[in-house]
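In terms of my numbering, the sequence shown is residues -10 to 341.
Just so it is clear, CB atoms sit at the ideal spot from N, CA and C, and this is done for glycine as well.
To start, the structure itself, in structure tokens.
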Amino acid sequence: MKRLAKGRLLFMLAVTTLFLAGCGEPFISALQPAGEVAQTQYDLMLLSTFIMVGVIIVVTVIFLIVLFKFRRKDDKIPKQVEGSHKLEIIWTVIPILLLLVLAVPTVAATFDLADVSPMEDKNEEGKTDVTVVNVKANLYWWEFEYPNQGIVTSQELVVPTDEKVYFNLLSTDVKHSFWIPAAGGKLDTNTENTNKFWLEFDSKKADEVGNIFYGKCAELCGPSHALMDFKVKAISKDDFDAWAEDLASMEEAAQPETASAEQGQEIFNQSCIGCHAVTPTGANAVGPNLTTFGDRTHIAGYLEHTEENLKAWIKDPEEFKPGNKMTGQYGDLSDEEIDALTDYLMGLKVED
């Protein structure tokens, strides 16, 4: 009875796991592709699955036929067929054909997805004719630099839809992995070398999810690995160009509009400016660039973008992201100072 109970438990666990594996939202699910790369990888996954399931079905049917039709009913030894050239050719040729059916499109797709030559071609201005993003992974946040536009953002990646976007991937500390499930498979970010690849975001799929996709770190990198998220804003090419132009035109941070925000700016310049930049060209800082902080959809990559959550984050970052580099830096700020700093940060937006 105990074995039967354990068997039932394992069966229910397997069924539940299978059921949950099919769940997912379109803005984060690899099973709901939202671009050319993701669609190609999804099609290859379906192809391999159909081949494997087909082989399992054929083998199972043959097994059942042999089991029931050729059961031993007496002491006679059945006719032996060892050394049959016909059978040996059949069970040798069929696997080879199946491997070719899987290998040919896989190899072709691999070479196609690995082609990043357009991002290497520079025009007369020393820029590329395609959108390029330099990605830097940090414990536990992301920086995105647009070399053609001369701007830097963090935590929220903005990309144009319906065209290839090329990425240079690098890590500043340990190995991470850049992954936007709905757009394509992951690629590691290393400290020693730069990995390159491209993704494409479908405008129709982007509209279905409110133009927001989710990105994650897919390589175990520390205690807050699971919280190392970022958001992807996929917008039209015209909107992207307008956004980049507006951001590039900002020579300095947005000016505070209230007395409380002015006080917050003073506090920021005294205690936060050493790690965080508030200009669109501020790269390679210890902490995320905050130029567009007021326009973000989340705080610390996953908290809802509200003043209450921002104040809680400033008071105790360790509670939300264990092992982050900001922990212990601003514990001496009073509640009034945190309120003022919050007003200032919430006002950091791209000015139209």
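Asked, Found
"Got a sec: does the ligand FAD put a non-hydrogen atom nearer than 8 Å to the Cβ of residue 134?", "With respect to the ligand FAD, the structure shown offers nothing to examine, as it has no ligands at all."
"Give the range of the alpha helix (DSSP H) segment to which residue 192 is assigned.", "192 to 197"
"CB residue 183 to CB residue 155, shorter than 9 Å?", "no"
"Apart from the five residues just before and just after residue 246, which ones in its own chain have a Cβ nearer than 8 Å to its Cβ?", "336"
"Could you tell me the alpha carbon to alpha carbon distance between residue 127 and residue 185, rounded to whole angstroms?", "18 Å"
"So residue 328 is in the alpha helix (DSSP H); what residue range does that whole segment cover?", "324 to 335"
"Please go through the same chain and pick out, in chain order, the residues whose beta-carbon is closer than 8 Å to the beta-carbon of residue 40, but skip the five residues on each side of it.", "87, 90, 91"
"Rounded to whole angstroms, what is the Cα-Cα separation between residue 2 and residue 173?", "29 Å"
"When the Cα atoms are used, what is the spatial distance from residue 275 to residue 36?", "45 Å"
"Taking only three categories from DSSP, how would you classify residue 155?", "strand"
"Does the distance from the C-beta atom of residue 285 to that of residue 220 stay below 9 Å?", "yes"
"Shortest alpha-carbon distance to residue 328 belongs to which of 312, 307, 298?", "298"
"To the nearest angstrom, report how far apart residue 117 and residue 108 are at their CA atoms.", "6 Å"
"Quickly, what does DSSP pair residue 306 with across the bridge? List them, please.", "None, per the DSSP bridge assignment."
"Using a Cβ-Cβ cut-off of 8 Å (strictly less than) and excluding sequence neighbours within five positions of residue 270, which residues of its own chain qualify?", "139, 140, 141"
"Tell me which same chain residues have a C-beta within less than 6 Å of the C-beta of residue 25, skipping the five on either side of it?", "189"
"Output the boundary residues of the beta strand (DSSP E) element that contains residue 127.", "120 to 127"
"Rounded to the nearest angstrom, what separates residue 161 and residue 196 at their Cα positions?", "34 Å"
"So for residue 223, helix, strand or coil by DSSP?", "strand"
"For residue 185, list the residues DSSP reports as bridge partners.", "157"
"Looking only at DSSP bridge pairs, what is residue 203 linked to?", "220"
"Tell me, please, whether the region 142 to 149 touches the region 212 to 232 by the rule of three or more beta-carbon pairs shorter than 8 Å.", "yes"
"Consult DSSP for residue 249 and reduce its assignment to one of helix, strand or coil.", "helix"
"Do you know how far the Cα of residue 56 is from the Cα of residue 73?", "21 Å"
"Under a three-way DSSP split, which group does residue 64 fall into?", "coil"
"Using C-beta distances below 8 Å, list every residue in its chain close to residue 77, excluding the 5 sequence neighbours before and after it, in chain order.", "none"
"Starting from the Cα of residue 99, find the closest Cα among -3, -5, 33 and give me that residue.", "33"
"Which same chain residues, not among the five before or five after residue 282, have their C-beta less than 6 Å away from its C-beta?", "334, 337"
"Return helix, strand or coil for residue 287, following the three-state DSSP convention.", "strand"
"Which same chain residues end up closer than 6 Å to residue 277 when comparing Cβ atoms and leaving out the 5 residues on each side of it in sequence?", "130, 143, 144"
"Excluding the 5 residues preceding and the 5 following residue 198 in the sequence, name in chain order all residues of the same chain whose CB lies nearer than 6 Å to its CB.", "15, 16"
"Please report the residue range of the beta strand (DSSP E) in which residue 133 lies.", "130 to 135"
"Less than 9 Å between the beta carbons of residue 324 and residue 250, yes or no?", "no"
"With H, G and I counted as helix, E and B as strand and the rest as coil, what does DSSP make of residue 14?", "coil"
"Expressed to the nearest angstrom, what Euclidean distance is found between the alpha-carbon atoms of residue 312 and residue 303?", "15 Å"
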